[in-house]
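Below is one structure, written out as structure tokens; comments come after it.
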């Protein structure tokens, strides 16, 4: 038995196949109808829509066969995806590639096989529409034309499925963006409006130090709103327009220090101290804007749910291969059940001083960390505080990037 070689574009092919979210789904009449027509036109007892996964061939649709899948090493279709046109075996028992294949020597005792490769819009062969017989056979030119045409219809169904999934994802992303704009971004602008209104009303009774402090708070809230807006724009460009922004070398201590400076308008009214514990020269290779927004979001939440006169700690730890950033507060905390649902969105809680907000920003945090090959951990204890950590691969100087 000759096992089909792995295509040169196998990694790309498997990634594309995964994008259809079709493996192990239930039977669908739209596929089954085309499979039945293929069997009728070609005059065979068996017809299959076969998709070639990493270790198996899985049947999205099948006529005349009970099996749902077989090992890839045994699959005739694994040979067929290497061809641009129909792959045909007139008599497998006489073919040196298949004569001792268990699918030939045992049930279902294949003799004749013909498979039209399912080639998608990216030019990748994902599987086949194939017909099988128990006796030697050969397709006519007309049958080959029909099998190819039906195969193209199968591919169109798969493309429609992928586009539907993409549209659903875009609708979900749109809802996230609207929630961010209506909650998180609005709260930043409310801070600007609130501080500026108080300054206007009380300026004549304030000394220079108080005025400078109020102006500083306005500036901090404005900078935070601007940074959040830029992060939203970059995130939406990556997800809605599929424009990947190039990562860059980022010094974590510098990012932490810069972000803390922008939090004064939130921390000062509650007399909350933000303590940074980070070594110099620890770098990561990420989108700077989204990293800034991530740390800002975690600090905002920590301040929001902290009581007055407490400390929020921003700590950076590192090993030779990764860095860990932790934001820990001494606030109201939450149950572990609620902590486990922190990144699901859809819920909002008021802070200890009645601060508004939403859980939507945490969805973006999780999305960014995941896309940067990082992980997130949330630990919390009711009435004692919360710790949120994320890890990122470390950029070493010897990497030479």
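Numbering (our numbering), first residue to last: 7 to 407.
Cβ coordinates follow ideal geometry from the N, Cα and C atoms, glycine included.
Being a predicted model, the structure only gives us computed values, none of them experimental.
Give me the residue from the options with the minimum Cα distance to residue i.
i	options	result
residue 167	15, 386, 26, 332	26
residue 260	21, 177, 169, 282	282
residue 279	286, 266, 288	266
residue 268	234, 316, 380	234
residue 383	400, 348, 151	348
residue 163	358, 41, 339	41
residue 51	285, 276, 385, 141	141
residue 321	296, 79, 263, 172	263
residue 161	400, 386, 28	28
residue 309	294, 273, 287, 296	273
residue 24	64, 397, 182	64
residue 369	14, 229, 181, 311	181
residue 372	389, 396, 159, 390	396
residue 83	71, 204, 132, 334	132
residue 312	326, 335, 304	335
residue 135	100, 377, 156	156
residue 276	256, 318, 285, 102	318
residue 126	184, 48, 77, 18	18
residue 111	122, 389, 192, 80	80
residue 379	343, 346, 327	327
residue 201	271, 389, 211, 330	271
Could you check where the beta strand (DSSP E) with residue i kicks off and where it finishes?
i	result
residue 408	Nothing about residue 408 can be reported from this structure: the residues present for the chain run from 7 to 407 only.
residue 279	279 to 283
residue 77	75 to 77
residue 330	328 to 334
residue 387	381 to 387
To the nearest whole angstrom, what separates the beta carbons of residue i and residue j, a pair I think is in contact under 8 Å?
i	j	result
residue 87	residue 154	Contact flag wrong, Cβ pair sits at about 15 Å.
residue 337	residue 392	6 Å
residue 291	residue 253	5 Å
residue 216	residue 197	Their Cβ separation, rounded to whole angstroms, is 17 Å, which puts residue 216 and residue 197 out of contact at 8 Å.
residue 171	residue 138	Actually they are not in contact, since the Cβ atoms of residue 171 and residue 138 sit about 31 Å apart, beyond 8 Å.
residue 255	residue 324	15 Å between Cβ atoms; not a contact.
residue 220	residue 204	7 Å
residue 97	residue 118	7 Å
residue 333	residue 304	4 Å
residue 71	residue 114	6 Å
Following the continuous alpha helix (DSSP H) through residue i, name the residue where it begins and the one where it ends.
i	result
residue 344	342 to 346
residue 38	35 to 48
Check the DSSP bridge columns for residue i and list the partner residues they point to.
i	result
residue 95	119
residue 55	67, 135
residue 221	DSSP lists no partner for residue 221.
residue 291	255
residue 436	Only positions 7 to 407 of the chain appear in this structure, which leaves residue 436 out of reach.
residue 85	Answer is none; residue 85 lacks a bridge partner.
residue 324	329
Reducing DSSP to helix, strand and coil, say where residue i ends up.
i	result
residue 108	helix
residue 2	Residue numbering for the chain in the displayed model covers 7 to 407; residue 2 lies beyond these limits and cannot be assessed.
residue 312	coil
residue 300	helix
residue 198	helix
residue 368	helix
residue 271	helix
residue 168	helix
residue 398	strand
residue 203	helix
residue 8	coil
residue 213	coil
residue 72	coil
residue 257	strand
residue 306	helix
residue 62	strand
residue 25	helix
residue 374	helix
residue 148	helix
residue 90	coil
residue 30	coil
residue 143	coil
residue 103	coil
residue 339	coil
residue 177	helix
residue 113	coil
residue 184	helix
residue 226	helix
residue 18	helix
residue 265	helix
How about residue i: is its C-beta nearer than 8 Å to some C-beta of chain D?
i	result
residue 37	The displayed structure is made up of one protein chain only, and chain D is not part of it.
I'd like to confirm something about residue i: is its beta-carbon nearer than 7 Å to some heavy atom of the ligand FAD, or not?
i	result
residue 316	Among the ligands in the structure shown, none appear at all, so the ligand FAD cannot be discussed.
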